[in-house]
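Read the structure below first, then the notes.
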Amino acid sequence: MKNYSSDRIKNIGLFSHSGAGKTSLAEAMLFTAGAIDRMGKIDDGNTALDYDPEEIKRKISISLALAPFEWKDFKINILDTPGFFDFVGEVKSVLRVVDGAVLVVCAVSGVEVGTEQMFKLIDERGLPRMFFVNKIDRENANFSKVVEKIQEVFGQKAVPIQLPIGQEASFRGLVDVVRKKAYEFDGKGAKEIPVPEELEDDVENYRLMVIEAAAESDDDLLAKYLDGEELTDEEIERGLRVGAKAGNIYPILCGSSLTNKGINFLLNAICDYLPSAAEGMPEHGKNPKSGEEEKRRCDSTEPFSAIVFKTMADPFVGRLSLFKVCSGTIKPDTVVYNAKRGVTEKIGHLYFMKGKKQESVQIAAAGDIVAVAKLQNTYTNDTLCDKDHPILLKEIDFPKPVISFAVEPKSKGDEERISSGLARLTEEDLTFKVEKNNETGQLLISGMGEIHLEVLAAKLATKFGSEVVLSVPKVPYRETIRGTAKVEGKYKKQTGGRGQYGHVWIEFLPINSEDGFEFEERIFGGVVPKQYIPAVEKGIREAMKEGVLAGYPVVGFKAVLYDGSFHPVDSSELAFKIAASMAFKKGITQAKPVLLEPIYEIEVVVPENYMGDIMGDLNKRRGRIMGMEMKDGMQHIKAQVPLAEIFRYATDLRSMTQGRGWFSAAFSHYEEVPGPIAEKVIAESDKKHAEEE
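Its first residue numbered 1, the sequence shown is counted upward by one per residue in UniProt numbering.
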């Protein structure tokens, strides 16, 4: 592949609801452009861009995939994204580096929830976009109905510039609405034919929409249009081009990716109506030395800067970093500066990626996307730049995980390998988190949904040879006291030689601190020698790790050592430690112990029409509604809900709202568990202890 300048490079993302045909469309684009010899199929598991074993098995895209090809003297980098919202992190990564978007819509299913979600994300980035109505040759396909829905949901900026000739099995060609020319597919391409008579009215209606949209994007054209003058085809196309690249017009095209019909027209439209890298938004960042805001144009004459938007962890190849050159140029064997981590990195070989295949490249210009292997200290969201002109580019804003599972090895002795594999996977996916819960002792993995975590567990097995079992995490309950108690703890043991003797009187009382513990000594006359008092506190601290109700840590209490006795020969630190732990168990039991559970502050964002269902469901989960607010056309519900009730809430919320709702959660405080539920928790704990014994 030859070298291309920034104004001849187009970075285009494919987005859609899952199953609309993005990956098939990318495959058809690559084939049409001559970048691959044959079109693979999702069902056969042989497409260029879905190559991960889990993608082949599940027949869905899981990771972003990149492939470059040449068309009409442009280099087009196509970035395919997953449609399933569990993998929204991949979508966010792609949105950070593309300059235009193609929203793929199924001609049968029409606008789906994923279409709306992707459109919103594209809107947040302010990217120019176009729609491609795919699967026109499917049974029940209806182009005009889909166009109506697109305009209803996304507004009148969406205008059809093509019209299919025939639908379902009779789909045989396209009409160019602007030039009023019709084309019939002939196996190798398309030949021009007269516009079918039955479509003439539709063509005129759609053309009027296009003319109005084109005129509004150019003052001169608008003046001419308002004066009643007819716009030429060239003027309409000029207005379309200006409006589309500015994000004010969303051209609608159609075709079939599976049978490769209409794909060459789509590629032409991408070249005509979506911006090149040079026409994209300039990069803004901060100079890490001066703290000043700086701007970098996508221009090869500017100092080098690049954003790492994806890291691939491979047990054999090592770390592979994908980055977009935002300014300047980059060559192999160059030393660059990682502005985020303050270290230099040696760029070895540079590659263009075509799915999993790598093609060496000698220079990458501003706007291009390349990969480099084995960078030592560089990860996703890092900025690589010229050390003499440092800049920190804007990072990708990844969403926080919403669901967690506990991880256990299938085979004993696998813990270290699992830990290493999970660490590598967190480098690859920044919506995936791993942490050890010190209270429950469980290793927890967190992500964007159940399928997300199941896929990562499968990757752990295939990539790193470590199989794990996923389960719902334990709730980190705690115990506390509501009353006071004064108790004696006496440990006396006489053996053949020296004995053991420790004797204490301790008062236990509650304090306001939610997770605190206080120790105080009020010993007079040396009844407990000073050297043994730390042992008393230590004995309580060790004992409080396991409460008397269900074995959970005890918090929110004060222990006052006020009396006791000792033996000049037999007393020891160990004896007083044991005596203190005996007093603890007795005292906590008498001081009205209760079970506490973690309460989370959650914010649920849903369309207005789901409010009733969501409120009712939160009440069933023992939630307390703290407030509601309408924002950006969505209801934001704030509530406090016990952690035990929201482990699978991400899945349930999607089901209740058909994927239109989402939520965030953060720990708030601990509260007493209601009696009947506490009894169940305690009974389950007793049963588990009995089984272990």
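Here a beta-carbon is modelled for each residue, glycine too, at the ideal position from N, C-alpha and C.
Cβ of residue i within 8 angstroms of Cβ of residue j?
| i | j | result |
| --- | --- | --- |
| Gly489 | Ile506 | yes |
| Leu266 | Ile161 | no |
| Asn438 | Thr378 | no |
| Ile588 | Val560 | no |
| Ala26 | Met39 | no |
| Ala67 | Leu30 | yes |
| Ala575 | Val504 | no |
| Phe309 | Val336 | no |
| Met582 | Tyr501 | no |
| Leu422 | Glu435 | no |
| Glu450 | Ile403 | yes |
| Ser664 | Glu573 | no |
| Met448 | Gly89 | yes |
| Ala278 | Ser446 | no |
| Asp218 | Val242 | yes |
| Lys638 | Met626 | yes |
Take residue i as the anchor and find which of the options has the nearest alpha-carbon.
| i | options | result |
| --- | --- | --- |
| Thr334 | Val325, Ile451, Phe309 and Lys346 | Lys346 |
| Lys286 | Met611, Met209 and Leu393 | Leu393 |
| Asp123 | Asp99, Glu139, Val133 and Cys106 | Asp99 |
| Ala20 | Pro128, Ser61, Ala33 and Pro642 | Ser61 |
| Asn3 | Glu229, Ile330 and Arg96 | Ile330 |
| Ala406 | Cys385, Gln442, Gly421 and Leu375 | Gln442 |
| His669 | Asp632, Gly556 and Asp617 | Gly556 |
| Gly342 | Glu546, Met626, Pro390 and Asp218 | Pro390 |
| Gly83 | Thr47, Leu14 and Val108 | Leu14 |
| His567 | Val527, Phe87 and Leu49 | Val527 |
| Ile263 | Lys135, Gly155 and Leu320 | Lys135 |
| Arg96 | Glu395, Glu197 and Val175 | Glu395 |
| Val147 | Ile523, Lys180, Val104 and Arg179 | Val104 |
| Asp570 | Glu679, Thr495, Ala158 and Lys224 | Thr495 |
Got a sec? Which residues, its chain only, sit under 8 angstroms from residue i by beta carbon, not counting five neighbours each side?
| i | result |
| --- | --- |
| Gly659 | Phe85, Val113, Gly114 and Gln117 |
| Ala269 | Met130, Ile161, Pro251 and Leu253 |
| Asp137 | Gln167, Glu168, Ala169, Phe171, Ser256, Leu258, Thr259 and Lys261 |
| Ala141 | Ala107, Val108, Lys135, Gln167, Glu168 and Phe171 |
Ends of the alpha helix (DSSP H) at residue i?
| i | result |
| --- | --- |
| Gln590 | Glu573 to Gln590 |
| Glu237 | Asp233 to Lys245 |
| Gln658 | Unbroken run through Gln658: none, as it is neither H nor E. |
| Gln156 | No alpha helix (DSSP H) contains Gln156, which DSSP labels as neither H nor E. |
| Gly89 | Val88 to Val97 |
| His284 | From DSSP, His284 is part of no alpha helix (DSSP H) but of the beta strand (DSSP E) over Glu283 to Lys286. |
| Gln117 | Val113 to Arg125 |
| Cys271 | Ile263 to Tyr273 |
| Lys463 | Glu450 to Phe464 |
Determine the extent of the beta strand (DSSP E) in which residue i is found, giving its start and end residues.
| i | result |
| --- | --- |
| Val335 | Thr334 to Asn338 |
| Val641 | Met634 to Pro642 |
| Pro593 | Pro593 to Val606 |
| Ile369 | Ile369 to Ala373 |
| Glu428 | Premise fails: Glu428 lies in the alpha helix (DSSP H), Glu415 to Glu428, not in any beta strand (DSSP E). |
| Gly627 | Arg624 to Lys631 |
| Lys400 | Segment: none, Lys400 is in no beta strand (DSSP E) and carries neither H nor E. |
| Asp314 | Ser305 to Asp314 |
Skipping 5 residues on each side, what residues in its chain have a beta carbon closer than 6 angstroms to that of residue i?
| i | result |
| --- | --- |
| Ala550 | Val681, Ile682 and Ser685 |
| Glu467 | Lys410 and Ala461 |
| Cys271 | Lys72 and Phe74 |
| Asp368 | Ile9 and Val325 |
| Arg297 | Pro282 |
| Phe584 | Ile540 and Ala543 |
| Leu320 | Met312, Ala371 and Ala373 |
| Thr651 | Glu450 |
| Gln590 | Ala485 |
| Pro288 | Ala339, Pro390 and Leu392 |
Give me, in chain order, the residues of the same chain whose beta-carbon lies closer than 7 angstroms to that of residue i; leave out the 5 immediate sequence neighbours on both sides.
| i | result |
| --- | --- |
| Arg482 | Pro510, Lys592 and Val594 |
| Met634 | Val605, Val606 and Pro607 |
| Glu428 | Thr311, Met312 and Ala313 |
| Val177 | Pro160, Ile161, Gln162, Leu163, Val203, Tyr206, Arg207 and Val210 |
| Ala190 | Gly173, Tyr183 and Glu184 |
| Val469 | Glu408 and Lys410 |
| residue 778 | There is simply no residue 778 to check, as the chain begins at 1 and stops at 693 in what is shown. |
| Thr23 | Ile42, Thr47, Leu49, Asp50, Ser61 and Asp80 |
Handout entry: 4-residue-minimum alpha helix (DSSP H) runs that sit fully inside the stretch 468-551, ordered along the chain
Key = Fully enclosed alpha helix (DSSP H) runs of 4 or longer: 533-543.
Practice task
Could you pull out every unbroken alpha helix (DSSP H) segment of at least 4 residues lying fully inside the stretch 190-219, listed in chain order?
Solution key: With a minimum length of 4 residues, the continuous alpha helix (DSSP H) runs that stay inside the stretch 190-219 are 200-216.
Exercise for the section: Could you name each continuous beta strand (DSSP E) segment of 3 residues or more that falls completely within the stretch 32-92, going from the start of the chain to the end? Expected result: If only complete runs of 3 or more residues are kept, the stretch 32-92 shows the beta strand (DSSP E) at 65-71 and 74-80, in order along the chain.
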